[in-house]
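**Q** In the UniProt record's numbering, the protein residues as written are 1 to 358. Here a beta-carbon is modelled for each residue, glycine too, at the ideal position from N, C-alpha and C.
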Amino acid sequence: MMDATRKESGLRDRHPVTLKPGRRETPVRSDSQGLSGGKKRKRWVVALSVAWMKATSSNLLPRAGARFVFAVLVSAAFFVLIPRGGKSDPSQKVRIFPRVIYIRRNGAFAIPTFDEQRHALEKGISGRRNRRRHREKSEKHEPIHDNEDRCQPTHDWQTTSFPTCNNVHEVDGLMGGVLINNGHFRDVWSFNEFNGRDQAVLKGIRFEYRFTRSDIEKERKDGVAMERLSSSRHIPDIYGYCFGTGIFELSTGGDLMSHVWDESWCKRTTQRDRLTIAVQVAAALADVHAFDIAHTDIAAKQYVLIDGIYKLQDFNRCKLLEWDRQNNETCTFNVGKNPGVVRWKEILASVPFSFCFH
Numbered sequence: 001m002m003d004a005t006r007k008e009s010g011l012r013d014r015h016p017v018t019l020k021p022g023r024r025e026t027p028v029r030s031d032s033q034g035l036s037g038g039k040k041r042k043r044w045v046v047a048l049s050v051a052w053m054k055a056t057s058s059n060l061l062p063r064a065g066a067r068f069v070f071a072v073l074v075s076a077a078f079f080v081l082i083p084r085g086g087k088s089d090p091s092q093k094v095r096i097f098p099r100v101i102y103i104r105r106n107g108a109f110a111i112p113t114f115d116e117q118r119h120a121l122e123k124g125i126s127g128r129r130n131r132r133r134h135r136e137k138s139e140k141h142e143p144i145h146d147n148e149d150r151c152q153p154t155h156d157w158q159t160t161s162f163p164t165c166n167n168v169h170e171v172d173g174l175m176g177g178v179l180i181n182n183g184h185f186r187d188v189w190s191f192n193e194f195n196g197r198d199q200a201v202l203k204g205i206r207f208e209y210r211f212t213r214s215d216i217e218k219e220r221k222d223g224v225a226m227e228r229l230s231s232s233r234h235i236p237d238i239y240g241y242c243f244g245t246g247i248f249e250l251s252t253g254g255d256l257m258s259h260v261w262d263e264s265w266c267k268r269t270t271q272r273d274r275l276t277i278a279v280q281v282a283a284a285l286a287d288v289h290a291f292d293i294a295h296t297d298i299a300a301k302q303y304v305l306i307d308g309i310y311k312l313q314d315f316n317r318c319k320l321l322e323w324d325r326q327n328n329e330t331c332t333f334n335v336g337k338n339p340g341v342v343r344w345k346e347i348l349a350s351v352p353f354s355f356c357f358h
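1) Helix, strand or coil: which one does DSSP assign to Thr330?
2) Am I right that Cys242 and Val168 are in contact with their C-beta atoms under 8 Å? What's the rounded C-beta distance?
3) DSSP three-state label for Gly246, please.
4) What do you get for Val224, buried or exposed, if any count of 16 or more other CB atoms within 10 angstroms of its CB means buried?
5) Between the C-alpha atoms of Arg274 and Trp261, what's the straight-line distance to the nearest angstrom?
6) Any idea which residues DSSP pairs Glu322 with across the strands?
7) Please state whether DSSP places Gly254 in a helix, a strand or coil.
8) Do you know offhand how far Asp156's Cα is from Ser190's?
9) Do you know offhand how far Gly124's Cα is from Gly244's?
10) With distances taken from CA atoms, which of Thr330, Thr154, Lys218 and Ile235 is nearest Ala283?
11) Quick check on Arg272: buried or exposed, where buried means 16 or more other Cβ atoms within 10 Å of its Cβ?
12) Under the rule that 16 or more other beta-carbon atoms within 10 Å means buried, what is Lys221, buried or exposed?
13) Are the C-beta atoms of Asp314 and some chain C residue less than 8 Å apart?
14) Report the option in Phe333, Glu170, Ser214 and Arg233 whose CA atom is closest to the CA atom of Ile293.
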């Protein structure tokens, strides 16, 4: 038996329609020639609403029976029949993709589901460009060397992590969580009390982002870097880490960038104070380099004031340096271009970096 398959438009392309032998296929009307799926669904909703009002107002059916009939009709409306030249095959039903609405302070929007994004990638709906951009960005983050086997992690801990998921899962809204800030990738929540401490902050992934393998690696590096640097007084303490969530020391004094742009702060800051701040900034970076870590995202906003000390945070873009065992030197690497107002010329020119800390 010969089966003829025709692809439909939109997100139903992967559901073929099999025609019976001897049956002629009728061309499908486009949206300009007929009603689109959205308009048809709207008319279905209007018709069901009218039927519901008539059934309840005229007492044609008992109220419980009317509700049951209406529930059945609404459940059937959630399925869409694949159009086939004006006819439909009841066996070919496609579930409408669910929607997840994310509400924010400045509005709300729908988050695409995994199935929607997968279909978009398969059919090239804005997916080809996204795949190309993701590939180029990944290549720029790769180490630059002739032989990849030569460059190995400098320390064993660079390829591991030390999660404390039980501590993270104990955090709930009863601790007085308040959304106080957010970065490009994570939201920041403060808590009144955590494990006997006065206050702490929880950083979690923002809902509008897909959590990819690259994102998992970023948060792993952030957690392991801050764990290794916990002995430094110039790095905030970390209290817990699990997957994309971390619990850290709370800063109540703001960040260095907000202070620099504050005219009143600049007027009351003496030259001695500014020199002290410069020493704290340099000392934090020196401690990071001592552990064979390159921050790669240095900016004034990354230094937060805690107990009178500006401490360096946010290590999800850091580079854990590798060692060239053949040439006995640190392997070079590139820092990929990314949005930001503080970017030095070496990054923009894609110049490979080399650090010698030994």
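**A** So, from the data block:
1) It is a strand residue.
2) About 4 Å separates the Cβ atoms of Cys242 and Val168, confirming a contact at the 8 Å cut-off.
3) Assignment of Gly246 by DSSP, reduced to helix, strand and coil, places it in the strand class.
4) Burial call: buried.
5) Distance between the alpha carbons of Arg274 and Trp261: 14 Å.
6) In DSSP, Glu322 forms a bridge with Pro153.
7) Coil.
8) Computed Cα separation, rounded: 33 Å.
9) Unreliable positioning characterises Gly124 in this predicted model, as indicated by a pLDDT of 49, which lies under 50. The coordinate reading is nonetheless provided below. Approximately 29 Å between the Cα atoms of the pair.
10) Nearest in C-alpha terms to Ala283, of all of Thr330, Thr154, Lys218 and Ile235, is Ile235.
11) Exposed, because fewer than 16 other Cβ atoms sit within 10 Å of the Cβ of Arg272.
12) Buried.
13) Of the chains in the structure shown, none is chain C; there is only one protein chain.
14) Its Cα nearest to that of Ile293, the residue Phe333 stands out among Phe333, Glu170, Ser214 and Arg233.
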